[in-house]
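To start, the structure itself, in structure tokens.
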Amino acid sequence: MDAERFPPVATTCPYCGVGCGVIARPEADGAVAISGDANHPANFGRLCSKGSALGETIGLEDRLLTPIVDGARASWDAALDRVAATFARTIAEHGPDSVALYVSGQLLTEDYYVANKWMKGFVGSANIDTNSRLCMASSVAGHRRAFGADTVPGTYTDIECADLVVLVGSNLAWCHPVLFQRLLAAKAERPAMRIVVIDPRQTATTAAADLHLAIRAETDVTLFAGLLGALAEAGAADAQYVSRHTRGLDDALAAVAGLSVATIAARCGLAEADVRTFYEWVRATERTVTIYSQGVNQSARGTDKVNAIINTHLLTGRIGKEGAGPFSVTGQPNAMGGREVGGLANMLACHMDLENAGHRDIVRAHWQAPRMAEKPGLKAVDLFEAVHDGRVKALWVMATNPAASMPEAARIDEALARIPFLVVSDVVASTDTLRHAHVKLPAAAWGEKDGTVTNSERRISRQRPFLPMPGEARADWAIISEVATRMGFAGFDYASPAEIFDEYARLSAAENNGTRDFDIGGLAGLGADGYDRLAPLQWPKPAGGEGRPRFFANGRFYTPDQRARFVATPSTDPERRAPRHPFTLNTGRVRDHWHTMTRTGRSARLSSHLAEPFAEIHPDDAARLGIAPATIVALANPHGRALVRALITDRQQTGSVFVPMHWNDETSASGRVDRLVTARTDAVSGQPALKSARVSLAPFAAGLYGFAVSREAIAADGLAYWAKATIKSGLAFEIADAAFPDDPALFAERLLGHRDLVGVVDAAAGSARFAAFDGERLLGAIFLAREPVPVSRTWANGLLAAPAARRIDILAGRPGADRPDPGPIICACFQVGANDIIAAAKDGAATVEAIGARLHAGTNCGSCRSEIARLLAPPPCKGTDHDHDERAHSL
Ligand code: SF4
């Protein structure tokens with residue numbers, strides 16, 4: 033490698049809110065070697081499976097490389113003129129609120145800042161919202177109610193030095209893996225540290241818990257309201273802190289008066305003894321950190337949940353101190369940066385308030401803004417409703433895919449199909465949203481972007497480019513600035529992201545004097561070199577002053593009287609089950625995929641862990657409904673229907689199903705689960721309740737199951753079920769349909785797109801296997817059966833990349849005896865399968881560490897360690913843990 037031509041570049045991971053530092057080393061052959069940045073304070077060199085595989089996701093396949101206008105390639109000038117002219121005309125004819133932006137936590141802070149400046153200061157509307165509305169708007173609202181500002185008080189080191197870490201609605205092990213590894217390392221060093229996990233499901237995170245409270249969905253407010261009462265009753269209040277620095281305790285306590293532990297336990301579906309243990313552990317532990325995430329935020333009472341948690345920290349004065357505080361962890365890489373620039377429709381830049389005239393004046397003066405928005409704009413769900421009913425006539429979507437990710441996704445499709453003018457900036461050429469775009473604009477992707485992001489602990493890091501911008505792609509800030517300038521607005525002639533950051537830093541300090549939490553005035557005037565060299569640092573960073581790692585230990589908040597507010601959060605009875613749609617649908621992430629898989633879906637390694645959409649179903653529900661392992665199930669409600677694979681496991685509660693949110697119409701026939709989620713929102717934050725839709729569940733009467741590997745996409749359209757995944761040298765497809773084909777050979781030819789297949793049909797067994805070869809080179813293979821196909825996916829996924837796939841093995845549907853099947857992949861980093869781990873365990877490797885020493889599994893990112901531990905655990909007494917058997921067939 034030529035170190036001078038290809039110097040290593042320190043940048044930041046583009047996935048979750050942990051914000052890990054990454055070293056990218058471009059190589060002469062175009063590949064990029066990825067490693068963790070040992071100097072970055074978020075990860076100290078660690079990366080999770082997604083971060084480790086970043087080098088596999090930067091190819092230019094599927095990239096949008098030129099502007100497209102009305103379906104035809106266009107010049108940038110033509111595309112930008114069209115966008116500027118249409119937005120200007122729409123505003124002139126229908127007013128500023130007839131246009132909108134829907135942006136993303138994937139944008140860099142500089143992109144976000146310019147988009148907000150254009151919309152809120154020059155268009156004169158606050159109709160700019162972000163997909164972060166789906167992620168942490170309830171945390172923002174809860175912080176602002178309690179603290180008077182959207183402030184995350186603590187740091188990651190608080191999690192490590194706490195004596196009690198309470199995780200609420202957070203599968204930290206899979207969704208914030210490096211932070212989870214830091215937590216586990218701290219616990220290994222100080223085994224007395226306790227971890228409590230509050231989650232309806234058993235997850236990789238609950239496996240590490242000293243106490244798992246498998247709470248009934250949506251009863252967190254009751255549990256924490258009860259905790260407030262219990263702490264007060266036990267004399268755990270910090271009376272001095274409460275009396276000097278807070279208001280509203282009496283009302284908060286009145287709201288929980290008479291709430292007994294027995295009632296709390298009954299409402300939450302918990303054992304009374306477990307509730308008492310939790311309350312006692314919190315009472316007795318000064319160094320308590322409560323981490324919360326989407327299980328708290330994505331709820332119709334999300335803001336109340338946040339305030340119920342914060343109330344307990346205010347009462348005990350456990351906030352802003354080393355090892356103590358409430359801690360919201362964000363989903364997206366720059367969700368925090370978006371909050372800081374006012375990316376939400378109800379906020380102004382630099383944590384200023386849109387409805388505060390003084391704040392508007394500060395921003396107006398700084399921007400020289402001709403037309404400041406004076407009222408909040410439409411929040412995401414309302415925004416798309418306004419698109420649907422015609423109030424919003426021109427929409428620009430940046431770096432997100434609302435047609436897949438918004439609730440009631442079918443209605444979003446309708447809305448996007450009928451809007452007169454839709455612009456989409458994206459890095460990929462095809463998404464559920466791009467299908468509707470009149471103008472498609474090619475944006476810079478990770479590796480090409482240049483700017484900053486902020487992680488969950490308020491740490492600003494640089495994302496630095498290490499790849500040239502491909503095709504005609506441009507930075508988002510540059511695209512927005514061009515449109516603003518073409519609309520006749522001054523103040524958008526930025527030459528670089530450094531100039532934008534400088535303007536932003538100066539705005540944060542304008543008339544601040546410590547009255548606002550967000551102050552990075554000390555970063556103004558860095559210049560291009562200083563900006564380029566900027567090392568990761570936490571805000572605040574005021575001019576002439578030192579930053580500080582924590583907020584609020586001094587008891588000074590950002591409310592008018594500088595006192596924090598308790599918020600009364602009364603307990604309510606849990607919802608009754610609707611007879612026609614009796615299941616609660618919980619949605620979330622899997623370990624190795626990100627959002628709608630536009631990047632992680634390109635990696636064979638990441639796709640090897642869970643390769644298709646699935647529903648976790650409790651064995652009792654499955655038995656009652658006649659759902660067999662690995663069969664296809666239909667979830668339905670009035671908003672739509674989804675078909676996914678059944679994963680039967682007692683890690684799920686009865687009456688609930690969990691379905692991951694990653695699959696969409698690009699990657700599956702009908703796995704887009706957000707089409708089933710009701711657009712019900714939290715009244716304060718506007719965040720949709722993405723984890724508590726009601727659905728019915730039923731077996732899908734499949735007469736055909738199949739699995740195919742192919743160098744090209746197979747002709748799966750028209751089949752009731754298909755899902756595709758990237759494998760080495762091609763794609764893998766799971767398929768299912770109502771009837772087994774009368775002529776399996778013809779069916780296989782049609783799907784694979786090849787003739788003259790070699791194959792075998794076993795009519796008695798109801799199965800068939802075919803393969804297409806070009807000489808000795810395998811082009812594709814398909815395995816069909818009337819039941820879920822019992823073919824090792826790990827073996828079959830390797831066939832296309834094998835030097836010479838053996839016909840006899842393919843026709844037998846299994847590897848030869850000389851090539852043992854590794855089983856379903858558990859460790860994505862080292863591609864270690866369940867069978868390998870079980871064999872090593874039988875051979876004496878009885879611990880996770882011993883498995884690591886023998887097979888390397890679990891020794892890189894560590895994300896699979898809890899799954900390895902479960903494989904090593906003695907079999908459950910009731911035969912309940914079916915999932916690994918099941919994954920041998922499908923998942
Ligand atoms: Fe990226 Fe993983 Fe770190 Fe999150 S934990 S920032 S996904 S490497």
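Numbering (our numbering), first residue to last: 33 to 923.
We put the beta carbon where it would ideally sit given N, CA and C, even for glycine.
Separation of Val314 and Arg565 (C-alpha to C-alpha, rounded to the nearest whole angstrom) is 43 Å.
Secondary structure of Pro692 (DSSP, three-state): strand. For Pro209, the CB falls within less than 7 Å of some heavy atom of the ligand SF4. Looking from the CA of Ala246, the closest CA among Pro223, Ala297, Asp445, Ile323 belongs to Ala297.
Look at the beta carbons and you see the region 154-165 touching the region 120-138: at least three pairs across the two are nearer than 8 Å. Under DSSP, Gly327 shares a beta bridge with no residue. Distance from Gly137 to Cys167 at the Cβ level is roughly 6 Å; contact confirmed, criterion being Cβ atoms closer than 8 Å. Annotated three-state conformation of Gly479 is coil, per DSSP. The region 234-253 makes no contact with the region 652-669; the number of CB pairs closer than 8 Å stays below 3. CA-to-CA, the gap between Val485 and Tyr144 works out to about 10 Å.
Taking the Cα positions, Ile857 is about 50 Å away from Leu539. Ala264 is positioned such that its CB atom lies closer than 8 Å to that of Leu347. At a threshold of 7 Å, Tyr311 does not count as near the ligand SF4, since its beta carbon sits no closer than that to any of the ligand's heavy atoms. Sequence-distant partners of Ser700 (beyond 5 residues in either direction) whose C-beta falls short of 6 Å from its own C-beta, in its chain, are Pro645, Ala755.
Secondary structure of Asp549 (DSSP, three-state): coil. For the pair of segments examined, the region 191-209 was found to touch the region 222-230: the number of CB pairs separated by less than 8 Å reaches three. About 13 Å separates the beta carbons of Ser170 and Val361, which is beyond the 8 Å limit, so they are not a contact pair. Distance from the CA atom of Met438 to the CA atom of Gly327, rounded to whole angstroms, is 17 Å. In terms of Cβ geometry, Ser164 and Ala367 form a close pair [threshold 8 Å]. Pairing Asn378 with Arg490, the inter-Cα distance amounts to about 21 Å.
Secondary structure of Ser799 (DSSP, three-state): strand. A residue is called buried when at least 16 other Cβ atoms come within 10 angstroms of its Cβ; Ile351 meets this threshold and is buried.
DSSP, reduced to helix, strand and coil, places Ser107 outside both helices and strands of the structure shown, so it counts as coil.
When the five nearest sequence neighbours on each side are left out, the beta carbons in the same chain lying within less than 7 Å of the beta carbon of Asp182 are those of Val172, His175, Arg176, Arg371, His383, in order along the chain. Rounded to the nearest angstrom, the gap between the Cα atoms of Thr591 and Val307 is 33 Å.
Between the region 541-558 and the region 566-576 there are three or more inter-stretch CB-CB distances shorter than 8 Å, so the stretches are counted as touching. Bounds of the alpha helix (DSSP H) holding Thr309 are 304-316. According to DSSP, residue pairing for Ala660 in a beta bridge does not occur. Distance between Asp161 and Pro434, taken at the CA atoms: about 12 Å. Within the region 713-766, the runs of beta strand (DSSP E) at least 3 residues long that lie entirely inside it are, in chain order, 725-731, 736-742, 753-759. Bridge partners of Ser700 according to DSSP: Ala755.
For Val741 and Ile341, the gap between their C-alpha atoms comes out near 49 Å.
Each of Ser107, Ala813, Arg809, Asp774 was checked against the Cα of Gly791, and the nearest Cα belongs to Ala813.
In this structure, the beta-carbon distance from Pro502 to Leu92 falls below 8 Å. Gln495: member of the beta strand (DSSP E) spanning 491-495, first to last residue. In terms of Cβ geometry, Ser84 and Asn618 do not form a close pair [threshold 8 Å].
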